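Enquirer: Numbers 624 to 1024, taken from our numbering, label the letters of the sequence shown in order.
Idealized CB from N, CA, C, for every residue including glycine.
If you're wondering where the values come from, they're calculated on a predicted model, not measured in any experiment.
Sharing a structure with you now.
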Amino acid sequence: MTPAKATHQKTKQHNRDLVLKTIFEHKSISRAEIARLTQLTRATVSDMVASLIEEGLVEEIGYGESIGGKAPILLSLAANSRYLIGLNLAQDKFIGAVVNLRGEIKEKVEIPVNDTDGEQALQFVYHILDQLTQRGWQPMVGIGIGTPGLVNTQGGIVINAVNLDWQDLPLAHLLETRYNIPVSVLNDSQATAIGEFVYGAGHHSESNLIVVTVKHGLGAGILINGRLFQGDGGGAGEIGHVVVQENGSLCRCGKVGCLETVASARAVLQRAIALAPEYSNSELAKNPGKITLDAIQAACQADDPLAQRVIADAAGYLGQSLANLISVLNIQKIVLTGDMACFGDFWLQSVRKAMMQAALTRMAQDTKIEVGTLEFKACILGASAFMLLENYSLLFLQPSY
Ligand SMILES: [Zn+2]
């Protein structure tokens, strides 16, 4: 191929992906509107749309409202024209799901995991994917994994996942060899952030977003200008392992007093049990052996002093960390998600109060914090959507140019 021809082909592919991205970002959209948003000519847009329709990726779904002249034909992504698999390895069970292009879960497989070693954890991943790839969802274009730990996404390597006993595991390579489709591997908090950004309630309109996942572990994902920011070593958002308490408890990372040891769901549970003997006026404290997250949640709603104290304290540490984050990034929208979200408004208001106290007043006032809507699905949807956002060409089954 001549260099001029190669450049021409690259431009065409770029334009085609840009048009597809624009259609992906809207429920429905006309050719004229695409041309306006992408600044491509109408002729180029029409050309690209024709090839997307031919690929089966886009369909005409009817007419929009006329603004003077002829009513425009509306285009939409063909939701079930391709499928992806998303995996969430950050729960007390591994959850895998087949997802369509609109983030709808078509089929789900779960395996409970408790104290597995590294090899067994990998076998569980194979087991889930063996099932999901054999159920006839075609064409299947990619697998996205959200895993706890530090990840080198570019190399598809899990550098260190303490819980799963994985070190320098070339997960993407192993899975690509076995299933023969593209695989991407992301930290679970980063995957969750993408899920909330793309499919959560109205966040796609923001260009910048912080999503903090608080479960047994704790981490954040940061989106800047609509793209995941991973930092130089892939660890951007690893706020859970910053030491916030001198002489605190031993963390599973080996340090003492990490944010995770005071602000996570596990921390709240342990602290409620530990403080129970000091609370004669608490219903929750009467039966320390029966304290669970659900019990703490019910007690919190009933204004139980022990429940409210442990949640407020945990929220206080998180709010201070958020103050640090917004002071560095000045991102004005924060979504909180994970097990701790079950404590609802009491937790949210306590986090907000602590952030207000710790950050520059004006910056804190301008920052909205809310609770996410997608729960465990955010990680699955984000892990699969990440592949698309990074590379729309993935959806093309044959090279069209
Ligand atoms: Zn730690």
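(1) Going by beta carbon distance, what residues of the same chain come within less than 8 angstroms of TYR686, once the five residues before and after it are set aside?
(2) Flag this pair as yes or no: are the beta carbons of ILE684 and SER651 separated by less than 8 angstroms?
(3) Quick one: is the Cβ of LYS878 within less than 7 angstroms of any heavy atom of ligand 1?
(4) Are there any heavy atoms of ligand 1 lying less than 7 angstroms away from the beta-carbon of CYS881, as far as the coordinates show?
(5) Which residue marks the beginning of the alpha helix (DSSP H) containing SER973, and which one marks its end?
(6) Is it true that the CB of GLU883 sits closer than 8 angstroms to the CB of GLY1026?
(7) Once DSSP output is grouped into helix, strand and coil, what is the label at GLU682?
(8) Less than 7 angstroms between the CB of HIS839 and some heavy atom of ligand 1, yes or no?
(9) By DSSP's criteria, ASN723 is part of a beta bridge. Which residues make up the other side?
(10) Within a Cβ cutoff of 7 angstroms, which residues of the same chain sit near LEU1017, ignoring the five residues on either side of it in sequence?
(11) Distance, Cα to Cα, GLN746 vs ALA981?
(12) Between which two residues does the beta strand (DSSP E) holding LEU715 run?
(13) So, with DSSP's three-state summary, where would you put VAL642?
(14) Does ligand 1 have even one heavy atom less than 7 angstroms from the beta-carbon of HIS864?
(15) Give the straight-line distance between the Cα atoms of LYS628 and THR634, rounded to the nearest whole angstrom.
(16) When the Cα atoms are used, what is the spatial distance from ILE992 to GLN931?
(17) Would you mind sorting MET624 into buried or exposed? The rule is 16 or more other CB atoms within 10 Å of its CB.
(18) Give the C-beta separation of VAL837 and ALA899 to the nearest angstrom, bearing in mind that I take them to be a contact with Cβ-Cβ under 8 angstroms.
(19) Give the secondary structure of SER1023 by DSSP, where H, G and I count as helix, E and B as strand, and everything else as coil.
(20) Using only the alpha-carbon positions, how far apart do GLY912 and VAL866 sit?
(21) Which one or two residues does DSSP pair with MET763 in a beta bridge?
(22) Take the Cβ of GLY1005 as the centre, count every other Cβ of all protein chains shown within 10 Å, and call the residue buried at 16 or more, exposed below.
(23) Rounded to whole angstroms, what's the CA-CA distance from GLN943 to GLY772? Just pull it up for me.
(24) Alpha helix (DSSP H) containing LEU792: first to last residue?
(25) Where do the N-terminal and C-terminal ends of the alpha helix (DSSP H) with ILE835 fall, by residue?
(26) Cβ of CYS923 within 7 angstroms of any heavy atom in ligand 1?
(27) Let's test the definition: count the other Cβ atoms within 10 Å of the Cβ of TYR1024 and tell me whether it reaches 16, buried, or not, exposed.
(28) Quick check: the stretch 729-746 against the stretch 697-717, are there 3 or more CB pairs under 8 angstroms?
(29) So what does DSSP say about LYS650, is it helix, strand or coil?
(30) Cutting at 8 angstroms between CB atoms, please list the residues of its own chain near ASP989, excluding the five before and the five after it.
(31) Assuming LEU873 contacts VAL958 under a Cβ cut-off of 8 angstroms, what Cβ separation, rounded to an integer in Å, is found between them?
(32) At the level of alpha carbons, what is the spacing between GLY854 and GLY691?
(33) CYS1002: beta carbon under 7 angstroms from a heavy atom of ligand 1?
(34) Helix, strand or coil: how does DSSP classify GLU993 here?
(35) Find the nearest neighbour of TYR822 within the set LEU724, VAL933, ALA946, judged by alpha-carbon distance.
(36) Grouping DSSP H, G and I as helix and E and B as strand, with all else coil, what is ARG758?
Expert: This is what the structure holds:
(1) Translated into positions along the sequence shown, residue 686 becomes position 63. These residues qualify, in order along the chain: ALA694, PRO695, ILE696, LEU697.
(2) For the purposes of this step, residue 684 is identified with residue 61 of the sequence shown, where counting begins at 1. For the purposes of this step, residue 651 is identified with residue 28 of the sequence shown, where counting begins at 1. In contact: ILE684 and SER651 (Cβ atoms closer than 8 angstroms).
(3) Within the sequence shown, residue 878 is the residue found at index 255, counting from 1. Checking the Cβ of LYS878 against ligand 1 gives yes.
(4) Taking the first residue of the sequence shown as position 1, residue 881 is located at position 258. Result yes, Cβ under 7 angstroms from ligand 1.
(5) Counting from one through the sequence shown, the residue named residue 973 turns up at place 350. Start and end: 967-981.
(6) The shown model of the chain, from 624 to 1024, leaves out residue 1026, and the question about it has no answer.
(7) Within the sequence shown, numbered from 1, the residue matching residue 682 stands at position 59. Correct three-state label for GLU682: strand.
(8) Residue mapping note: residue 839 aligns to position 216 of the sequence shown, counting from 1. The answer is no for HIS839.
(9) Taking the sequence shown and counting its residues from 1, the one referred to as residue 723 is at position 100. In the DSSP output, where bridge partners are listed per residue, ASN723 has TYR706.
(10) For this step, residue 1017 is matched to residue 394 along the sequence shown. Same-chain partners within the cutoff: VAL764, GLY765, PRO805, MET1010, LEU1011.
(11) Counting from 1 along the sequence shown, the entry for residue 746 is found at position 123. Counting from 1 along the sequence shown, the entry for residue 981 is found at position 358. Roughly 45 angstroms separates the two Cα atoms.
(12) On the sequence shown, position 92 is the one that residue 715 refers to. For the record, residue 715 in the displayed sequence is Asp; it is not Leu. First-last for ASP715: undefined, no H or E at that position.
(13) In the sequence shown, residue 642 corresponds to position 19, counting from 1. DSSP places VAL642 in helix when its eight states are reduced to three.
(14) Residue mapping note: residue 864 aligns to position 241 of the sequence shown, counting from 1. The answer is yes for HIS864.
(15) By one-based count along the sequence shown, residue 628 stands at place 5. By one-based count along the sequence shown, residue 634 stands at place 11. Their backbone Cα atoms lie some 10 angstroms apart in a straight line.
(16) For this step, residue 992 is matched to residue 369 along the sequence shown. For this step, residue 931 is matched to residue 308 along the sequence shown. Taking the straight line from one Cα to the other gives about 20 angstroms.
(17) Counted from its first residue, the sequence shown places residue 624 at position 1. Exposed, by the Cβ-count rule.
(18) To locate residue 837, count along the sequence shown from 1; it is residue 214. To locate residue 899, count along the sequence shown from 1; it is residue 276. Contact doesn't hold; Cβ gap of about 22 angstroms is too wide.
(19) Locating residue 1023 in the sequence shown gives position 400, counting from the first residue. Confidence at SER1023 is low in this model, with a pLDDT of 45, below 50, so the placement of that residue is unreliable and no value is reported for it.
(20) On the sequence shown, residue 912 is found 289 positions in, with the first residue counted as 1. On the sequence shown, residue 866 is found 243 positions in, with the first residue counted as 1. Taking the straight line from one Cα to the other gives about 29 angstroms.
(21) For the purposes of this step, residue 763 is taken as residue 140 along the sequence shown, with counting starting at 1. In the DSSP output, where bridge partners are listed per residue, MET763 has TYR706.
(22) In the sequence shown, the residue the question calls residue 1005 occupies position 382. Looking at its Cβ environment, which holds 16 or more other Cβ atoms inside 10 Å, GLY1005 is buried.
(23) The count along the sequence shown starts at 1 and reaches residue 943 at position 320. The count along the sequence shown starts at 1 and reaches residue 772 at position 149. In a straight line, the C-alpha of GLN943 is about 23 angstroms away from that of GLY772.
(24) Working through the sequence shown from its first residue, we reach residue 792 at position 169. No alpha helix (DSSP H) contains LEU792, which is instead part of the beta strand (DSSP E) from 789-792.
(25) If you number the sequence shown from 1, residue 835 lands on position 212. Inspection of the sequence shows that residue 835 is occupied by Val rather than by Ile. No alpha helix (DSSP H) holds VAL835; the beta strand (DSSP E) holding it covers 832-837.
(26) Position 300 of the sequence shown, counted from the start, is the residue given in the question as residue 923. Checking the Cβ of CYS923 against ligand 1 gives no.
(27) Your numbering for residue 1024 matches position 401 in the sequence shown. Interpretation of TYR1024 is limited by its pLDDT of 43, a score under 50 that renders its predicted location unreliable; the figure taken from the coordinates is listed afterwards. By the Cβ neighbour-count rule, TYR1024 is exposed, with fewer than 16 other Cβ atoms within 10 Å of its own.
(28) yes
(29) By one-based count along the sequence shown, residue 650 stands at place 27. If DSSP states are grouped into helix, strand and coil, LYS650 belongs with coil.
(30) Locating residue 989 in the sequence shown gives position 366, counting from the first residue. Here the set comprises GLN955.
(31) Your numbering for residue 873 matches position 250 in the sequence shown. Your numbering for residue 958 matches position 335 in the sequence shown. The pair is not a contact, with the Cβ atoms about 30 angstroms apart (cut-off 8 angstroms).
(32) Working through the sequence shown from its first residue, we reach residue 854 at position 231. Working through the sequence shown from its first residue, we reach residue 691 at position 68. Going by C-alpha positions, GLY854 is about 48 angstroms away from GLY691.
(33) Here residue 1002 is taken as the residue at index 379 of the sequence shown, counted from 1. Incorrect: CYS1002 has no Cβ contact closer than 7 angstroms to ligand 1.
(34) Translated into the one-based positions of the sequence shown, residue 993 becomes position 370. When secondary structure is reduced to three states using DSSP, GLU993 falls in the strand class.
(35) What you label residue 822 is simply residue 199 of the sequence shown in a count that begins at 1. When only C-alpha atoms are compared, the closest one is LEU724.
(36) As a first step, residue 758 must be located in the sequence shown, where it is residue number 135. Coil at ARG758, not helix or strand.
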